[in-house]
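This report concerns only the one structure given below.
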Amino acid sequence: MAKGVFAESGADLRLDGIKKRFPGFTAIEQLDIVIPAGSFFALLGPSGCGKTTTLRLVAGLEEPTEGRILIGGEDVTRTKPFQRPVNTVFQSYALFPHMTVLENVAFGLRRRRIGDPIAKAHEALRLVELDHLASRRPASLSGGQQQRVALARAVVNRPALLLLDEPLGALDLKLRRQMQLELKSIQTEVGLTFVHVTHDQEEAMTMADTVAVMNKGRIEQMGSPEILYELPSTV
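Count along the sequence shown from 1, then add 345; that gives the number in our numbering.
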């Protein structure tokens, strides 16, 4: 796979004293995390533990009740979502059905009036090994192929930070295992910072450099997959 326009590295993410309260409950009790630039970080935990809320805070879709969010050393706590160097890949791929694969990937570049959108879109599709399907419509693709198109669309803008919200949840087991390896390979190649949210322990352990186990709005344990496997602090 050619690196080309994807040689730019990611930025570090710092969550400093983050708390998030909603009427009637607290989603995040206390969060202090530093994620190094260019790393693959996984937030692992059950539904309702606060992991998706954390992702929404980083993306700018929610504001913290307390604390600061810094990306590449810059405080973005009150910055609008479209002004943050962040893209998100969701479980629902949200591809435009009336556009070709190529047009889907180039869409964000054109909206931002970035030069050579078609060339950059082709390069992103080559990265995920789908350039040969550039003229197809999303409906003609498999679930795994649609997920790769969504990933190409997310990385083509070269965000400092890529957020993945249970992106493999809709895939069958065999395809999910394959995509785990592909995601890690792509992250290593593009050098961006990936923050991946999942409830699947094997998924987190397979892909991430660092895994944070989250429960009831707090981080219970954080470390490399090897450390968490050998010395789990919770059963």
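Using N, Cα and C, we set each Cβ at its ideal position, and we do this for glycine too. All of these numbers come straight from a predicted model, not from anything done at the bench.
- DSSP places Ile531 inside the alpha helix (DSSP H), whose first and last residues are 518-535.
- No Cβ-Cβ contact shorter than 8 Å links Val494 with Asn432.
- Note on the stretch 370-450: whole alpha helix (DSSP H) runs with a minimum of 4 residues are 396-404, in chain order.
- Around the beta carbon of Val542, 16 or more other beta carbons sit within 10 angstroms, so the residue counts as buried.
- Excluding sequence positions up to five before and after Cys394, its CB lies within less than 6 Å of the CB of Met559, Asn560, all in the same chain and listed in chain order.
- Ranked by how close their Cα comes to the Cα of His443, the residues Arg481, Ala466, Thr424 have Arg481 in first place.
- Inter-segment contact for the stretch 423-439 and the stretch 487-506 is present: three or more beta-carbon pairs are separated by less than 8 Å.
- Selection Ser384, Pro368, Leu389, Leu360 evaluated against Gln375 yields Leu360 as nearest (Cα-Cα).
- By the criterion of a C-beta distance shorter than 7 Å, Ala469 is surrounded in its chain by Val450, Ala497, Val500, Val501, once the five residues flanking it on both sides are discounted.
- Counting C-beta atoms within 10 angstroms of its own C-beta, Pro381 has fewer than 16 neighbours from the protein chains shown and is therefore classed as exposed.
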